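Enquirer: Protein chains in written order, with the working numbering: chain A, 1015 to 1128; chain B, -3 to 109.
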């Protein structure tokens, strides 16, 4: 069974802390994505990566960075956490060729910044 | 640009049929997806349409009209466990991440006894 694993289900951090959210997939997928999901705003793309060491900004990259040193792992970094980054963060992966199931999602990390 | 619209909330009765609409305006089109997301959980794949017409999968069906930029998800014989959010997503032009999806805001469906 294919899997995308996010390291933490719930996380509470203080304002100004550097926060690492980890995502690992075991499907040998080329593409990996980080979204945040907020009520009324849906899923918004933060960053994505289509290959090792490659990264592209999504729609809302400000305040975030990413790292993809290995194909299976895609990390989201909040350089200095702020309260407006309190959200549900979803990681997803996909193959680069056309597929009929789109993304496989992780179970999400609910981050609260206090 | 990408714009995907779907109703915010819908309510239906157990055993009934409900149709959730999605309209889209995107730069390029390479398929439309529906995902189901229960509260606090990850979205899970429901259906995929790339050609016009109806795709049926058990109690769930999805329809696509590319000329109208329109899709709907049809849920039959509603069950309480169908209470969830339903996300419409469009795959646009191929880019470096050739499989990138843009999501609508989701429709929260409440099924009542």
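Think of the CB as a built atom: it goes at the ideal place given N, C-alpha and C, for glycine as much as any other residue. Predicted, not measured: the structure shown is a model, and the values here were computed from it.
When DSSP labels each residue in this structure, what does residue 4 of chain B get in the three-state scheme?
Expert: If you number the second chain from 1, residue 4 of chain B lands on position 8. Three-state DSSP puts residue 4 of chain B in coil, outside helix and strand.
Enquirer: So, under 8 Å CB-CB, residue 1060 of chain A and residue 1090 of chain A are touching, yes? Tell me the CB distance rounded to an integer number of Å.
Expert: For the purposes of this step, residue 1060 of chain A is identified with residue 46 of the first chain, where counting begins at 1. For the purposes of this step, residue 1090 of chain A is identified with residue 76 of the first chain, where counting begins at 1. Their Cβ separation, rounded to whole angstroms, is 7 Å, which keeps residue 1060 of chain A and residue 1090 of chain A in contact under 8 Å.
Enquirer: Rounded to a whole number of angstroms, what is the C-alpha to C-alpha distance between residue 1029 of chain A and residue 24 of chain B?
Expert: Translated into the one-based positions of the first chain, residue 1029 of chain A becomes position 15. Translated into the one-based positions of the second chain, residue 24 of chain B becomes position 28. Taking the straight line from one Cα to the other gives about 40 Å.
Enquirer: Cutting at 8 Å between CB atoms, please list the residues of its own chain near residue 27 of chain B, excluding the five before and the five after it.
Expert: Translated into positions along the second chain, residue 27 of chain B becomes position 31. Hits under 8 Å: 44, 45, 46, 86, 87.
Enquirer: With 9 Å as the limit, tell me which residues of the region 21 to 43 of chain B have their beta carbon closer than that to any beta carbon of chain A; keep them in chain order.
Expert: Residues passing the 9 Å Cβ filter: 26, 27, 29, 31, 33, 36, 37, 38, 39, 40, 41.
Enquirer: If you measure from the beta carbon of residue 59 of chain B to each beta carbon in chain A, is any gap under 9 Å?
Expert: In the second chain, counting from the first residue as 1, residue 59 of chain B sits at position 63. Not one chain A Cβ lies under 9 Å of residue 59 of chain B.
Enquirer: Please decide whether residue 1021 of chain A counts as near chain B, where near means a Cβ-Cβ distance under 9 Å.
Expert: For the purposes of this step, residue 1021 of chain A is identified with residue 7 of the first chain, where counting begins at 1. By this cut-off, residue 1021 of chain A is not an interface position.
Enquirer: Excluding the 5 residues flanking residue 29 of chain B on each side, which residues of the same chain have their C-beta closer than 6 Å to its C-beta?
Expert: For the purposes of this step, residue 29 of chain B is taken as the residue at position 33 of the second chain. If we look at residue 29 of chain B and ignore the five residues flanking it on each side, its Cβ neighbours are 44, 85.
Enquirer: Within the chosen definition, does the region 1087 to 1105 of chain A reach the region 1056 to 1075 of chain A through at least 3 CB pairs nearer than 8 Å?
Expert: yes
Enquirer: Counting C-beta neighbours from all protein chains within 10 Å, is the total for residue 1055 of chain A 16 or more, i.e. buried, or is it exposed?
Expert: Locating residue 1055 of chain A in the first chain gives position 41, counting from the first residue. Exposed.
Enquirer: Quick check: what's the CA-CA separation for residue 1041 of chain A versus residue 80 of chain B?
Expert: Working through the first chain from its first residue, we reach residue 1041 of chain A at position 27. Working through the second chain from its first residue, we reach residue 80 of chain B at position 84. Cα to Cα, the separation comes out at about 27 Å.
Enquirer: For residue 1025 of chain A versus residue 1126 of chain A, is the C-beta spacing smaller than 9 Å?
Expert: Mapped onto the first chain, residue 1025 of chain A falls at position 11. Mapped onto the first chain, residue 1126 of chain A falls at position 112. The answer is yes: Cβ separation under 9 Å.
Enquirer: Considering just the uninterrupted stretch of the beta strand (DSSP E) at residue 80 of chain B, what are its terminal residues?
Expert: Against the second chain, residue 80 of chain B aligns to sequence position 84. Residues 80 to 87.
Enquirer: How about residue 98 of chain B and residue -2 of chain B: do their beta carbons lie closer than 9 Å?
Expert: Locating residue 98 of chain B in the second chain gives position 102, counting from the first residue. Locating residue -2 of chain B in the second chain gives position 2, counting from the first residue. Result yes, Cβ atoms of residue 98 of chain B and residue -2 of chain B sit closer than 9 Å.
Enquirer: With distance defined between alpha-carbon atoms, name the residue in B/82, B/96, B/59, B/101 nearest to residue 107 of chain B.
Expert: Working through the second chain from its first residue, we reach residue 107 of chain B at position 111. Taking only the C-alpha atoms, the option nearest residue 107 of chain B is B/82.
Enquirer: Could you tell me the distance, in whole angstroms, from the CA atom of residue 13 of chain B to the CA atom of residue 57 of chain B?
Expert: Residue mapping note: residue 13 of chain B aligns to position 17 of the second chain, counting from 1. Residue mapping note: residue 57 of chain B aligns to position 61 of the second chain, counting from 1. The alpha-carbon atoms of residue 13 of chain B and residue 57 of chain B are separated by roughly 11 Å.
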